[in-house]
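Count along the sequence shown from 1, then add 18; that gives the number in this note's numbering.
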Amino acid sequence: MDDEIEKKLFTDEKEEENIDEIVDKFIKIGKVTFDGKTILNPELNKRLNREEILGVQIVGKILASMIRKEIKPQITIKELFEWNKLIIPNDQVMARVNDLIKKGIIVRMKRGIFQARPYYIKYFIGGIIEKYKL
């Protein structure tokens, strides 16, 4: 009885949920290069807001790291600045990253280094799919 209750309540935040299912949903939003950079679906590129763009990039990186161990799950602010230099000003990148932290979708590992929270990946992706009817 205690084991059943324990399984219902406790979770390992790093637990890899059904990765196949998550990837199937993620590829509707974007794909990831072999070095961990997320490329957004061109149809969504103009529709996603800045926070969603950054969230997708950070989530894409951790998903890639779950499949290819040589890809680090963390992303640096410098990477985000570089990837978004033509579409999002640096001050807005910082502000939107802080919004994602406040929402609990990502965590600050140390100054300038962030990572998506594995447990929330499927909810973040699901929210975008639902919002944009993908």
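We put the CB at the ideal spot given by N, CA and C, even for glycine.
(request) Give me the Cα-Cα distance between residue 74 and residue 95, rounded to the nearest whole angstrom. (result) Taking the straight line from one Cα to the other gives about 14 Å.
(request) Below 8 Å on the Cβ atoms is my guess for residue 143 versus residue 77; work out the distance and round it to an integer in Å. (result) Their Cβ separation, rounded to whole angstroms, is 7 Å, which keeps residue 143 and residue 77 in contact under 8 Å.
(request) Determine the burial state of residue 71: buried for a count of at least 16 other Cβ atoms within 10 Å of its Cβ, exposed for fewer. (result) Residue environment for residue 71: buried (at least 16 other C-beta atoms within 10 angstroms of its C-beta).
(request) Starting from residue 113, follow its DSSP beta bridges and name the residues at the other end. (result) Beta-bridge partners of residue 113 (DSSP): none assigned.
(request) Specify, as a first and last residue, the run of the alpha helix (DSSP H) that residue 68 falls within. (result) In the DSSP assignment, residue 68 falls within the unbroken alpha helix (DSSP H) covering 68–85.
(request) Report the three-state DSSP secondary structure of residue 27 (helix, strand or coil). (result) Residue 27 sits in a helix when the DSSP states are folded into three classes.
(request) Examine the Cβ distances between the region 49–62 and the region 83–93 and report whether three or more of them are shorter than 8 Å. (result) Touching, yes, given that three or more Cβ pairs across the two stretches are closer than 8 Å.
(request) Report the rounded CA-to-CA distance for residue 45 versus residue 133, giving the unit in angstroms. (result) If you take the alpha carbons of residue 45 and residue 133, they lie about 19 Å apart.
(message) Can you give me the C-alpha to C-alpha distance between residue 62 and residue 125, rounded to a whole angstrom?
(response) For residue 62 and residue 125, the distance between alpha carbons rounds to 25 Å.
(request) Look at residue 80 and residue 139 and say whether their C-beta atoms are less than 8 Å apart. (result) Yes, these two residues count as a Cβ contact at 8 Å.
(message) Classify residue 135: buried if its beta carbon has 16 or more other beta carbons within 10 angstroms, exposed otherwise.
(response) Residue 135 comes out buried.
(request) State the Cα-Cα distance for the pair residue 123 and residue 69, rounded to the nearest angstrom. (result) C-alpha of residue 123 to C-alpha of residue 69: approximately 11 Å in a straight line.
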